[in-house]
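The structure appears below as C-alpha cells.
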Amino acid sequence: MSSTNAGNLDASSVANIVSANFKAYNFNFKNTYGSRAKAVAVTANGDKQGFYGCGFYGYQDTLLAKNGKQYYSNCYMEGAVDYILGNAAAWFGECTTASNGGGAITATSRQDPADASR
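The opening residue of the sequence shown carries number 1 in the UniProt record's numbering; numbering runs sequentially from there.
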C-alpha cells in the first residue's frame, strides 16, 4: 500500500470486499503500514458476509465492518485505535481482540444512536 492511500479508509484497505454472500476461511488480513495513519486491513462492504477462523491485523481502523449483515466466528482481531468500526450489523462469536496500543477497541460510524444497522 502506498502512503498516499493511508488515512483514507476505503483506499487504504488491503481487501475491500463488496460481494454479497462472501465467505473467508482461515485467512489472515494484514495491513503493515503502522501507526503513521489510518490503514485498514479489511473493508467488509457487502451483505451476508462471513469470516471464519480469520485474522485481522493492523494499527488504526483494522476492520471496517462498513455495511450489511456480517458474521465473524473464531477470528483474531488486533489493533491499537478503533480497530473495529463501521455501520454493519455484525456478530462476533468466540473472537479474540488484542490491543497493541492504548486506544479504544471499537468505534461506530452512526450519526445518531437511533440509526438502524445497515
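All residues carry an ideal CB built from backbone N, CA and C; glycine is no exception.
Query, Result
"Considering only the alpha carbon of each residue, which of S13, T97, N87 lies closest to Y113?", "Checking the displayed sequence, the identity of residue 113 turns out to be Pro instead of Tyr. The shortest C-alpha separation from P113 is found at N87."
"Can you tell me the Cβ-Cβ gap for A90 and Y76, rounded? I've got them flagged as a contact below 8 angstroms.", "With 8 angstroms as the limit, A90 and Y76 do not qualify as a contact, their Cβ atoms being about 15 angstroms apart."
"When DSSP labels each residue in this structure, what does S2 get in the three-state scheme?", "Its pLDDT being 37, under 50, S2 is placed unreliably in this model, and the coordinates cannot settle the point."
"Say whether chain D places a C-beta atom closer than 9 angstroms to the C-beta of A15.", "Among the protein chains of the structure shown there is no chain D, as only one such chain exists."
"In the DSSP assignment, find the beta strand (DSSP E) that holds A44 and state where it starts and stops.", "42-45"
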